[in-house]
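Mapping the sequence shown onto the working numbering, position 258 (from 1) lands on 252, and the numbers just tick up by one. Idealized CB from N, CA, C, for every residue including glycine. Below you'll find the structure, written out as C-alpha coordinates, and then a few comments.
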Amino acid sequence: MPVTQADKGKAFQALHQGAHPFIIANAWDAGSARLLTGVGFPALATSSWASAGVYGRRDHAASCDELMVHAHAIVNATELPVSMDLGNGFGATPKEVEDIYRQAAAAGLVGASIEDVRSRSDDAMFDISEASERVAAAVEATRSLGYPFMVTARADGFFHGNTDLDDVIQRLQAYEKAGADVLMAPALPDLESVRRVCSEITKPFNFMAALPGLSFSVPELEQAGVRRISLGPAFYLAAMAGLASAARQVKEEGAFSFIESPLLSYPELVSYMRE
(Lines of atoms letter the chains of each structure in order from A and count residues from 1; the text may use other names and numbers.)
(Lines give C-alpha, C1' and ligand atoms only; values in the text may rest on other atoms or scores of the structure.)
Protein backbone atom coordinates (compact mmCIF):
# COMPACT_ATOMS: atom_id res chain seq x y z
CA MET A 1 0.00 0.00 0.00
CA PRO A 2 1.19 3.55 -0.70
CA VAL A 3 2.64 5.45 2.24
CA THR A 4 0.29 8.32 3.08
CA GLN A 5 1.20 11.71 4.48
CA ALA A 6 -0.45 10.68 7.75
CA ASP A 7 1.76 7.57 7.84
CA LYS A 8 4.82 9.74 7.33
CA GLY A 9 3.72 12.18 10.02
CA LYS A 10 3.24 9.41 12.56
CA ALA A 11 6.56 7.81 11.66
CA PHE A 12 8.36 11.14 11.97
CA GLN A 13 6.82 11.85 15.35
CA ALA A 14 7.78 8.36 16.56
CA LEU A 15 11.42 8.89 15.58
CA HIS A 16 11.62 11.72 18.11
CA GLN A 17 10.34 9.39 20.82
CA GLY A 18 12.84 6.58 20.20
CA ALA A 19 15.38 5.23 22.66
CA HIS A 20 18.27 6.88 20.79
CA PRO A 21 18.78 10.01 18.68
CA PHE A 22 18.21 9.71 14.95
CA ILE A 23 19.87 11.40 12.00
CA ILE A 24 17.71 13.39 9.60
CA ALA A 25 19.62 13.69 6.32
CA ASN A 26 19.43 16.93 4.33
CA ALA A 27 18.78 16.40 0.62
CA TRP A 28 19.05 19.10 -2.05
CA ASP A 29 17.25 17.54 -5.03
CA ALA A 30 15.31 14.43 -6.05
CA GLY A 31 18.46 12.47 -6.89
CA SER A 32 20.11 13.12 -3.53
CA ALA A 33 16.81 12.25 -1.83
CA ARG A 34 16.82 8.88 -3.60
CA LEU A 35 20.43 8.20 -2.60
CA LEU A 36 19.93 9.18 1.04
CA THR A 37 16.79 7.05 1.16
CA GLY A 38 18.69 4.11 -0.30
CA VAL A 39 21.57 4.48 2.15
CA GLY A 40 19.04 3.97 4.94
CA PHE A 41 18.33 7.24 6.72
CA PRO A 42 14.89 7.26 8.40
CA ALA A 43 13.88 10.82 7.44
CA LEU A 44 14.96 13.68 5.19
CA ALA A 45 15.03 17.46 5.44
CA THR A 46 15.75 20.34 3.12
CA SER A 47 18.42 22.98 3.75
CA SER A 48 17.84 26.62 2.85
CA TRP A 49 21.45 26.96 1.72
CA ALA A 50 21.37 23.84 -0.45
CA SER A 51 17.89 24.65 -1.75
CA ALA A 52 19.03 28.10 -2.88
CA GLY A 53 22.08 26.48 -4.46
CA VAL A 54 19.83 24.35 -6.66
CA TYR A 55 18.58 27.62 -8.14
CA GLY A 56 22.14 28.94 -8.48
CA ARG A 57 21.66 31.41 -5.64
CA ARG A 58 23.14 32.15 -2.26
CA ASP A 59 21.55 31.14 1.03
CA HIS A 60 18.15 32.79 1.57
CA ALA A 61 18.10 34.26 -1.96
CA ALA A 62 15.39 31.86 -3.21
CA SER A 63 11.74 32.83 -2.78
CA CYS A 64 9.24 30.98 -0.62
CA ASP A 65 7.41 29.76 -3.74
CA GLU A 66 10.65 28.41 -5.22
CA LEU A 67 11.53 26.62 -2.00
CA MET A 68 8.06 25.06 -1.83
CA VAL A 69 8.45 23.70 -5.37
CA HIS A 70 11.87 22.37 -4.45
CA ALA A 71 10.62 20.72 -1.23
CA HIS A 72 7.67 19.16 -3.07
CA ALA A 73 10.10 17.54 -5.53
CA ILE A 74 12.00 15.97 -2.64
CA VAL A 75 8.76 14.76 -1.03
CA ASN A 76 7.78 13.10 -4.31
CA ALA A 77 11.18 11.40 -4.60
CA THR A 78 10.99 9.42 -1.36
CA GLU A 79 8.68 7.40 0.84
CA LEU A 80 10.36 8.89 3.92
CA PRO A 81 9.08 11.75 6.08
CA VAL A 82 10.43 15.11 4.91
CA SER A 83 10.83 18.28 6.97
CA MET A 84 11.47 21.69 5.38
CA ASP A 85 13.87 24.46 6.31
CA LEU A 86 11.47 27.40 6.06
CA GLY A 87 13.91 30.09 7.16
CA ASN A 88 12.19 32.61 9.39
CA GLY A 89 8.75 31.58 8.15
CA PHE A 90 8.76 34.19 5.36
CA GLY A 91 5.52 35.83 6.47
CA ALA A 92 5.65 39.45 7.63
CA THR A 93 2.96 38.72 10.23
CA PRO A 94 2.01 35.66 12.30
CA LYS A 95 -1.09 35.24 10.10
CA GLU A 96 1.11 35.06 7.00
CA VAL A 97 3.39 32.56 8.75
CA GLU A 98 0.32 30.44 9.50
CA ASP A 99 -0.68 30.49 5.82
CA ILE A 100 2.81 29.48 4.71
CA TYR A 101 2.88 26.50 7.08
CA ARG A 102 -0.42 25.35 5.65
CA GLN A 103 1.23 25.52 2.22
CA ALA A 104 4.06 23.36 3.56
CA ALA A 105 1.58 20.72 4.67
CA ALA A 106 -0.15 20.90 1.29
CA ALA A 107 3.23 20.23 -0.35
CA GLY A 108 3.36 16.86 1.43
CA LEU A 109 5.75 17.81 4.20
CA VAL A 110 5.36 16.53 7.76
CA GLY A 111 7.62 19.04 9.46
CA ALA A 112 9.18 22.46 9.06
CA SER A 113 11.50 24.75 10.98
CA ILE A 114 11.24 28.44 11.82
CA GLU A 115 14.11 30.75 12.79
CA ASP A 116 14.01 33.85 14.99
CA VAL A 117 16.14 35.97 12.63
CA ARG A 118 14.35 39.01 11.26
CA SER A 119 16.95 39.91 8.63
CA ARG A 120 19.98 38.07 7.33
CA SER A 121 21.45 41.29 5.97
CA ASP A 122 22.10 42.83 9.39
CA ASP A 123 21.66 39.84 11.74
CA ALA A 124 18.60 41.46 13.34
CA MET A 125 16.61 39.12 15.58
CA PHE A 126 12.91 39.12 16.41
CA ASP A 127 12.39 39.85 20.08
CA ILE A 128 11.29 36.87 22.13
CA SER A 129 7.60 37.77 22.26
CA GLU A 130 7.33 38.38 18.52
CA ALA A 131 9.31 35.25 17.68
CA SER A 132 7.07 33.24 20.03
CA GLU A 133 3.96 34.55 18.28
CA ARG A 134 5.40 33.39 14.96
CA VAL A 135 6.15 29.95 16.38
CA ALA A 136 2.61 29.77 17.78
CA ALA A 137 1.23 30.68 14.34
CA ALA A 138 3.19 27.86 12.71
CA VAL A 139 1.89 25.46 15.35
CA GLU A 140 -1.70 26.68 14.91
CA ALA A 141 -1.50 26.00 11.18
CA THR A 142 -0.56 22.36 11.72
CA ARG A 143 -2.67 21.20 14.67
CA SER A 144 -5.87 20.68 12.67
CA LEU A 145 -4.27 18.59 9.91
CA GLY A 146 -5.35 15.24 11.34
CA TYR A 147 -1.79 13.90 11.50
CA PRO A 148 1.41 14.91 13.29
CA PHE A 149 3.39 17.80 11.77
CA MET A 150 6.57 18.56 13.70
CA VAL A 151 7.34 22.27 14.08
CA THR A 152 11.00 22.93 14.89
CA ALA A 153 11.73 26.32 16.48
CA ARG A 154 15.25 27.68 16.19
CA ALA A 155 17.14 30.12 18.40
CA ASP A 156 19.78 31.39 15.98
CA GLY A 157 21.64 33.83 18.21
CA PHE A 158 25.02 32.08 18.00
CA PHE A 159 24.77 32.21 14.21
CA HIS A 160 24.30 35.97 14.28
CA GLY A 161 26.64 37.39 16.87
CA ASN A 162 24.51 36.92 20.00
CA THR A 163 26.57 34.45 22.01
CA ASP A 164 24.56 34.79 25.22
CA LEU A 165 23.67 31.21 26.11
CA ASP A 166 21.15 32.35 28.73
CA ASP A 167 19.29 34.29 26.03
CA VAL A 168 19.27 31.25 23.74
CA ILE A 169 17.85 29.08 26.52
CA GLN A 170 15.23 31.70 27.40
CA ARG A 171 14.17 31.82 23.76
CA LEU A 172 13.96 28.04 23.43
CA GLN A 173 11.85 27.82 26.59
CA ALA A 174 9.51 30.47 25.18
CA TYR A 175 9.20 28.61 21.87
CA GLU A 176 8.47 25.41 23.77
CA LYS A 177 5.63 27.18 25.58
CA ALA A 178 4.39 28.43 22.20
CA GLY A 179 3.91 24.81 21.14
CA ALA A 180 7.06 23.88 19.20
CA ASP A 181 7.61 20.13 18.92
CA VAL A 182 11.39 20.28 18.45
CA LEU A 183 13.95 22.89 19.49
CA MET A 184 17.21 23.87 17.82
CA ALA A 185 20.09 26.29 18.44
CA PRO A 186 22.72 26.09 15.69
CA ALA A 187 26.40 26.87 16.34
CA LEU A 188 26.50 26.21 20.08
CA PRO A 189 30.24 26.36 20.82
CA ASP A 190 30.84 23.12 22.72
CA LEU A 191 29.28 19.98 24.15
CA GLU A 192 28.85 21.56 27.57
CA SER A 193 26.62 24.24 26.01
CA VAL A 194 24.63 21.54 24.21
CA ARG A 195 24.29 19.62 27.47
CA ARG A 196 23.10 22.69 29.35
CA VAL A 197 20.52 23.58 26.69
CA CYS A 198 19.13 20.04 26.68
CA SER A 199 18.85 20.08 30.48
CA GLU A 200 16.78 23.30 30.40
CA ILE A 201 14.11 22.15 27.93
CA THR A 202 11.68 19.23 27.77
CA LYS A 203 11.09 18.97 24.01
CA PRO A 204 13.53 17.07 21.72
CA PHE A 205 16.65 19.05 20.80
CA ASN A 206 18.07 18.99 17.26
CA PHE A 207 21.83 19.42 16.85
CA MET A 208 23.06 20.57 13.44
CA ALA A 209 26.32 18.82 12.51
CA ALA A 210 27.44 21.17 9.77
CA LEU A 211 30.10 23.51 11.17
CA PRO A 212 33.87 22.84 11.32
CA GLY A 213 35.03 22.16 14.85
CA LEU A 214 31.56 21.11 15.98
CA SER A 215 31.33 17.65 14.44
CA PHE A 216 30.76 15.73 17.66
CA SER A 217 30.02 12.00 17.47
CA VAL A 218 26.55 10.54 17.81
CA PRO A 219 27.40 8.91 21.18
CA GLU A 220 28.71 12.26 22.49
CA LEU A 221 25.57 14.05 21.37
CA GLU A 222 23.34 11.36 22.85
CA GLN A 223 25.09 11.69 26.20
CA ALA A 224 24.52 15.46 26.01
CA GLY A 225 20.77 14.89 25.60
CA VAL A 226 20.34 15.42 21.85
CA ARG A 227 17.36 13.63 20.26
CA ARG A 228 17.81 14.52 16.58
CA ILE A 229 20.86 15.30 14.43
CA SER A 230 20.61 17.20 11.15
CA LEU A 231 23.39 18.11 8.72
CA GLY A 232 22.25 21.42 7.24
CA PRO A 233 24.13 21.98 3.97
CA ALA A 234 26.98 19.56 4.86
CA PHE A 235 26.08 16.81 2.35
CA TYR A 236 25.47 19.42 -0.37
CA LEU A 237 28.85 21.03 0.32
CA ALA A 238 30.54 17.61 0.26
CA ALA A 239 29.00 16.85 -3.13
CA MET A 240 29.95 20.26 -4.52
CA ALA A 241 33.49 19.86 -3.16
CA GLY A 242 33.84 16.60 -5.10
CA LEU A 243 32.56 18.28 -8.26
CA ALA A 244 34.88 21.27 -7.80
CA SER A 245 37.89 18.99 -7.31
CA ALA A 246 37.12 17.00 -10.46
CA ALA A 247 36.41 20.16 -12.46
CA ARG A 248 39.71 21.77 -11.42
CA GLN A 249 41.62 18.62 -12.30
CA VAL A 250 40.18 18.67 -15.81
CA LYS A 251 40.54 22.43 -16.33
CA GLU A 252 43.92 23.03 -14.68
CA GLU A 253 45.72 19.73 -15.26
CA GLY A 254 44.04 18.40 -18.38
CA ALA A 255 43.70 15.10 -16.53
CA PHE A 256 40.80 12.76 -15.85
CA SER A 257 42.13 10.46 -13.15
CA PHE A 258 39.09 11.13 -10.97
CA ILE A 259 37.17 8.88 -13.38
CA GLU A 260 39.39 5.91 -12.50
CA SER A 261 38.55 5.95 -8.81
CA PRO A 262 34.99 7.21 -8.39
CA LEU A 263 33.73 7.46 -4.85
CA LEU A 264 30.41 6.01 -6.01
CA SER A 265 30.04 3.33 -8.66
CA TYR A 266 27.55 3.66 -11.49
CA PRO A 267 25.69 0.43 -10.54
CA GLU A 268 25.30 1.58 -6.93
CA LEU A 269 24.01 5.00 -7.95
CA VAL A 270 21.53 3.48 -10.39
CA SER A 271 20.29 1.10 -7.70
CA TYR A 272 18.98 4.04 -5.69
CA MET A 273 16.97 5.53 -8.53
CA ARG A 274 13.44 4.72 -9.64
CA GLU A 275 12.57 3.34 -13.06
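> Unbroken beta strand (DSSP E) runs of length 3 or more, entirely within the segment 192 to 256: which are they?
Replying inline: 199 to 202 and 222 to 224
> How is Asp93 classed by DSSP in three states: helix, strand or coil?
Replying inline: helix
> Asn20 to Glu134, Cα distance in whole Å?
Replying inline: 26 Å
> Taking Cβ positions, are Val212 and Phe199 nearer each other than 8 Å?
Replying inline: no
> Candidates Arg52, Pro227, Asp161 and Ala71: which alpha carbon is nearest Pro206's?
Replying inline: Pro227
>> Run through the DSSP bridge pairs and tell me what Phe35 is partnered with.
In response: Note: Phe35 sits in no beta bridge, so no partner.
> Are the CB atoms of Ala131 and Val91 nearer to each other than 8 Å?
Replying inline: yes
> Rounded C-beta distance between Asp1 and Thr40? I'm assuming under 8 Å.
Replying inline: At roughly 20 Å, the Cβ-Cβ gap does not stay under 8 Å, so Asp1 and Thr40 are not in contact.
> What span of residues does the beta strand (DSSP E) with Ala19 cover, start to end?
Replying inline: Phe16 to Asn20
> Which first and last residues belong to the alpha helix (DSSP H) in which Arg165 is found?
Replying inline: Leu159 to Lys171
> Of the residues Glu60, Ala46, Ala233 and Lys197, which one's Cα is nearest the Cα of Arg221?
Replying inline: Lys197
>> Which same chain residues end up closer than 7 Å to Phe84 when comparing Cβ atoms and leaving out the 5 residues on each side of it in sequence?
In response: Cys58 and Ile94
>> Buried or exposed for Ser255, going by 16 or more other Cβ atoms inside 10 Å?
In response: exposed
> Is it buried or exposed for Val264, if we count other Cβ within 10 angstroms and need 16 for buried?
Replying inline: exposed
> In whole angstroms, what separates the C-alpha of Ala44 from that of Tyr230?
Replying inline: 6 Å
> Which runs of the alpha helix (DSSP H), 4 residues or longer, sit entirely within the segment 82 to 158?
Replying inline: 88 to 100 and 122 to 136
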